[in-house]
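Working notes for the structure below.
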Amino acid sequence: VPANAVFGDIVDVLADRKISEVPVVDQNNCPVGLIDITDVIGWLPTSGCD
Numbered sequence: 055v056p057a058n059a060v061f062g063d064i065v066d067v068l069a070d071r072k073i074s075e076v077p078v079v080d081q082n083n084c085p086v087g088l089i090d091i092t093d094v095i096g097w098l099p100t101s102g103c104d
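Rendered as structure tokens:
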């Protein structure tokens with residue numbers, strides 16, 4: 055995914071391809087990082103219930 059990809063696009067790629075991680079690339083298509091499913095889970099809001 056491009057470095058400026060939005061959350062929904064990342065989730066779509068992971069779900070559509072049934073993968074748990076996806077490389078992040080810069081504008082030159084060079085790898086700059088990796089997003090995995092645990093990153094996505096960490097971005098989800100938690101409930102207000104304790």
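First residue of the sequence shown? That's 55 in the numbering used here, and the numbers climb one at a time after it.
Ideal placement from N, C-alpha and C gives every residue a C-beta, glycine not left out.
Owing to the predicted nature of the structure, the values given are computational and were not obtained by experimental measurement.
Rounding to the nearest angstrom, what Cα-Cα distance links I89 and S101 in this structure? Per the coordinates, the alpha-carbon of I89 lies some 23 Å from the alpha-carbon of S101.
What residue does the alpha helix (DSSP H) around L68 start on, and which one ends it? L68: member of the alpha helix (DSSP H) spanning 61–71, first to last residue.
Below 8 Å on the Cβ atoms is my guess for V76 versus P85; work out the distance and round it to an integer in Å. Contact between V76 and P85 is ruled out by a C-beta separation of about 11 Å, above the 8 Å threshold.
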